[in-house]
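Trainee:
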Amino acid sequence: MDEINLVTITFHEGTLVVNGLSQDLNQNLPFLLPDPRTKNFRCEAIYYRALIQGLVSLKIVFKDSAKLYQNQEWVTKDVRQPFPYQLEALESWWSKKSRGVVVLPTGTGKTFLAVLAIIRMQRPTLVVTPTIDLMNQWHTVLTASLGVPVGMMGGGTHEIHDVTVTTYDSAHIHLAKWGNKFGFLVFDECHHLPGSVYSNIAIGSIAPFRLGLTATPERTDGNETMLEHLIGPFVFRKEIGELAGSYLASYESEIIHVDLSEDEKLDYENARKVYRDYLVKRGINLRDPSGWQRFLAESSRFQEAKKAYDAFRLQKKIALHSKAKIDVLENLLLKHANDPCIIFAGDNSMVYAISRRFLIPAVTHETKAKERKQTLDKFKSGEYLAVVTNKVLNEGVDVPSAGVGIVLSGSGTVREHVQRLGRILRKYKDKRAILYEVISRNTSEELTSKRRREHDAYRK
1402 MDEINLVTIT
1412 FHEGTLVVNG
1422 LSQDLNQNLP
1432 FLLPDPRTKN
1442 FRCEAIYYRA
1452 LIQGLVSLKI
1462 VFKDSAKLYQ
1472 NQEWVTKDVR
1482 QPFPYQLEAL
1492 ESWWSKKSRG
1502 VVVLPTGTGK
1512 TFLAVLAIIR
1522 MQRPTLVVTP
1532 TIDLMNQWHT
1542 VLTASLGVPV
1552 GMMGGGTHEI
1562 HDVTVTTYDS
1572 AHIHLAKWGN
1582 KFGFLVFDEC
1592 HHLPGSVYSN
1602 IAIGSIAPFR
1612 LGLTATPERT
1622 DGNETMLEHL
1632 IGPFVFRKEI
1642 GELAGSYLAS
1652 YESEIIHVDL
1662 SEDEKLDYEN
1672 ARKVYRDYLV
1682 KRGINLRDPS
1692 GWQRFLAESS
1702 RFQEAKKAYD
1712 AFRLQKKIAL
1722 HSKAKIDVLE
1732 NLLLKHANDP
1742 CIIFAGDNSM
1752 VYAISRRFLI
1762 PAVTHETKAK
1772 ERKQTLDKFK
1782 SGEYLAVVTN
1792 KVLNEGVDVP
1802 SAGVGIVLSG
1812 SGTVREHVQR
1822 LGRILRKYKD
1832 KRAILYEVIS
1842 RNTSEELTSK
1852 RRREHDAYRK
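To convert, take the position in the sequence shown, counting from 1, and add 1401; that gives the numbering used here.
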């Protein structure tokens, strides 16, 4: 065919530009849209696989200038043998044309599963993680397992290799340059992906092959349904209860109720009355997301609404920070004096207060990366027997010996609670894990606790 009439495909800032295709043939490729500015056709890069398959089926000769990667010949240096459920997950994903989401509890070897997939796939791979800590953790594992240079993009490092690890934030920023350099995408904690910003990472990549990993895919906005388009269908799922005792530690969970002091009760009820009276007056329902947004909007505009919002925060703080919780914490720390323990508090002020009182190292979003690494390394080695945190350790910390979790406060999301349980469930000798949840009686915390325990892991 004459070169001038040849259909060409190029990559441009997260999209594919198709030149030389007639309007009639375009009708067979519904995702292609005319671009009046360039007089070509254009589609999101995520349709690369469908585009190539469509052109081939239509017997159209084309030149692919979009793909900038080659197949590899990697051999794993990881001598570990996969567990049966890991092999089952791998084969299920492979059978779905190497596109899909695997749901496995924390501590069951999702990273090793990804290594197995990378070796089988033999394509340049981009691994996307939610945090710099996780990015560093993946970099260490992949370097040891693959024996090839592993690039890293994020946290001040900018180095791309055929296997590269990055964060969701960095991937979004550099999407226009990376979208055609990798044939395989691995999304760790892929429940982050369906957001309005991060979804562009998947949409702007040509990678035909994709693997999503998560312990808790469900989102409060329901957008986990987007994962099928962005990554692929749910191909394999195991819950904590199915693996506990065999591949995860056996565990139990216990709720400890505490009473507010008389002064705390009075302050709590007064604050609660102020904000609830306002909600009733304005017809606002906080169980409806739009109601919460309306409450926030009004609190920034009207003095009465601001007073109600301040009262809402005060009653919540009273329940979360009750003195009785600290007394229970002291007793639990004495009870588990020789057991590695993770304490989950609600906010930084509580984290630091506990850290000062009990001389326990704190890890928050304010903790510098170097200090955070040193603290966690000492926790892993046993030099520290406890750490206190808020949300930072919900994802990504790997401390196999940790078997005690103490939840002093948290959100009502199932994901957060399951992730916190997962932090203490890694198999380690004959460890039996226990998760304590300390909640203030006759407060909104009781409903919050009920909501976040709506998971099979807590129905045993």
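Backbone N, C-alpha and C define an ideal beta-carbon position, used for all residues, glycine too. This one's a predicted model, so the numbers in the text were calculated from it and none came from an experiment.
Per DSSP, what are the beta-bridge partners of residue 1654 in this structure?
Mentor: For residue 1654, which the question treats as bridged, DSSP gives the partners 1836.
Trainee: List the residues that DSSP assigns as beta-bridge partners of residue 1411.
Mentor: 1418
Trainee: CB-CB under 6 Å to residue 1572, same chain, minus the five flanking residues each way: which ones, in chain order?
Mentor: 1529 and 1602
Trainee: Leaving aside the five residues before and after residue 1432 along the sequence, list all residues of the same chain whose C-beta is less than 7 Å from its C-beta, in chain order.
Mentor: 1444, 1448 and 1451
Trainee: Could you tell me which of 1420, 1492, 1515 and 1685 sits nearest to residue 1438, measuring between CA atoms?
Mentor: 1420
Trainee: Taking residue 1586 as the reference, which of 1672, 1497 and 1501 has the closest Cα?
Mentor: Distances from the CA of residue 1586 to each of 1672, 1497 and 1501 were compared; the closest alpha carbon is that of 1501.
Trainee: Find the nearest neighbour of residue 1536 within the set 1545, 1546, 1407 and 1555, judged by alpha-carbon distance.
Mentor: 1555
Trainee: Pull up the DSSP beta-bridge partners for residue 1806, would you.
Mentor: 1743 and 1836
Trainee: Which residue wins for smallest C-alpha separation from residue 1517, given the options 1730, 1493 and 1846?
Mentor: 1493
Trainee: Just how far apart, CA to CA, sit residue 1746 and residue 1665?
Mentor: Each residue's alpha carbon lies about 19 Å from the other.
Trainee: Spell out a yes or no on whether the stretch 1662-1682 and the stretch 1698-1715 are touching, meaning 3 or more CB-CB pairs, one atom from each, closer than 8 Å.
Mentor: yes
Trainee: For a quick check, are the C-beta atoms of residue 1607 and residue 1838 less than 8 Å apart?
Mentor: no
Trainee: Is the CB-CB distance between residue 1650 and residue 1506 below 8 Å?
Mentor: no
Trainee: In three-state DSSP terms, what is residue 1403?
Mentor: For residue 1403, the predicted structure reports a pLDDT of 45, less than 50, and the residue's modelled location is therefore unreliable. A value from the coordinates is still provided. In this structure, residue 1403 counts as coil in the three-state DSSP scheme.
Trainee: What distance in whole Å lies between the Cβ atoms of residue 1669 and residue 1680, which are believed to be in contact at a cut-off of 8 Å?
Mentor: Between residue 1680 and residue 1669 a beta carbon distance of about 16 Å is seen, past the 8 Å cut, so the two are scored as non-contacting.
Trainee: Spell out the partners DSSP gives residue 1637 in its beta bridges.
Mentor: Looking at the DSSP output, residue 1637 bridges to 1503.
Trainee: Just confirm the distance between the C-beta atoms of residue 1638 and residue 1504, as a whole number of angstroms; I'd bet it's less than 8 Å.
Mentor: 4 Å
Trainee: Could you spell out where the beta strand (DSSP E) holding residue 1435 opens and where it closes?
Mentor: Per DSSP, residue 1435 belongs to the beta strand (DSSP E) from 1434-1436.
Trainee: Within 10 angstroms of its Cβ, does residue 1756 collect 16 or more other Cβ (buried), or is it exposed?
Mentor: Buried, since its Cβ has 16 or more Cβ neighbours within 10 Å.
Trainee: Check for me: the alpha helix (DSSP H) holding residue 1823 runs from which residue to which?
Mentor: 1815-1823
Trainee: Just the Cα atoms here: how many angstroms apart are residue 1403 and residue 1508?
Mentor: Low per-residue confidence applies at residue 1403: pLDDT is 45, beneath 50, and the placement is therefore not dependable, though the value from the model is reported in the following sentence. Taking the straight line joining both Cα atoms gives about 57 Å.
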